[in-house]
Amino acid sequence: MGDAQRNEEQILAVIGLGNPGKEYAGSRHNAGFLVIDRLIALYSPSMMERKFRASWGFAIAEGRKVLFVKPLTFMNKSGEAVGEIIKYFGIPPAKMMVVHDDLDLPFARIRIAQRGGSGGHKGVQSIMEHVSSSDFPRLKIGVGRPKHGEPVEDFVLLPPYPEDRENFEKMIALAEEAARAVLAGSLSDAMNRFNRRD
């Protein structure tokens, strides 16, 4: 891949989706927040909560300035915060990567996508509506489907099953590694590396 294509694919913002509040902290729906928290610990942006309805900050990550964002609007209104912040800083949607849970991806699998629909994810749908585009990369974190007949709405707001917690943690760590690979190289390289099947 040439330098021009690498530059074209460079990500300038990483946005993790979740719900604010201690009651949601370890839930499946907060997988995006969990990955962002690990990236924040690694790159040490100065996070703030002023001006936008988000926790946000810039850091030098893998040699360039990257914006890290956790919307604080609750999941279904994620786009309200994301739309405001990327427009303010002049970041095109194609240069932001959204990190989110995915019910249709098997548990403990991750997948990087360059663009796509919402797949029924209301946070992603909200972002698509507020940035007027579906042309933005995603890092999807597979939470699987309910095993015991629970409604999906309850399933995503709960922590992983006790027997799944260790693998859930490993998946979050793998997703952090994938996000770092995207920042260090390109989406294409990271997709080739992390989208392999078990």
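If you use the numbering used here, the sequence shown corresponds to residues 97 to 294, in order. A virtual CB, placed ideally from N, CA and C, is assigned to each residue, including glycine. Being a predicted model, the structure only gives us computed values, none of them experimental.
Continuous beta strand (DSSP E) stretch holding residue 164: start and end: 160 to 167
N-terminal and C-terminal residue of the beta strand (DSSP E) that residue 146 is part of: Neither: residue 146 is in no beta strand (DSSP E) and is coded neither H nor E.
Reference residue 157; option with closest CA among 292, 275, 225 and 290: 275
Coarse secondary structure for residue 223, derived from DSSP in three states: Assignment of residue 223 by DSSP, reduced to helix, strand and coil, places it in the helix class.
Cutoff 7 angstroms; reference residue 181; Cβ partners in own chain excluding five residues on either side: 148, 150, 152 and 165
Own chain, CB closer than 7 angstroms to residue 272, minus 5 neighbours either side, in chain order: 131, 134 and 135
Own chain, CB closer than 6 angstroms to residue 205, minus 5 neighbours either side, in chain order: 238
Proximity winner among 175, 268 and 248, relative to residue 111 (alpha-carbon distances): 175
6 angstroms Cβ shell around residue 122 - same chain, five flanking residues per side excluded: 255
For residue 60, the residue or residues it bridges with in DSSP: Lying outside 97 to 294, the shown extent of the chain, residue 60 is not represented and no answer is given.
Local Cβ density within 10 Å of residue 117, reported as buried at 16 or more and exposed below that: exposed
Distance between residue 142 and residue 97 (C-alpha atoms, nearest Å): Here the model assigns residue 97 a pLDDT of 47, short of 50, so the residue's position is not dependable, and the following value carries that caveat. Going by the C-alpha atoms only, they are around 33 angstroms apart.
Residue(s) in a DSSP beta bridge with residue 109: 163 and 192
Own chain, CB closer than 6 angstroms to residue 263, minus 5 neighbours either side, in chain order: If we look at residue 263 and ignore the five residues flanking it on each side, its Cβ neighbours are 204.
DSSP three-state assignment for residue 251, whether helix, strand or coil: helix
Best match in 211, 186 and 201 for proximity to residue 283 [C-alpha to C-alpha]: 211
Close beta carbons around residue 200, own chain, < 7 angstroms, minus the five adjacent residues each side: 215
Per DSSP, the bridge partner or partners of residue 154: 163.
Contact belief for residue 251 with residue 124 at Cβ below 8 angstroms, rounded distance in angstroms: 7 angstroms
Per-residue DSSP class, three states only, for residue 261: helix
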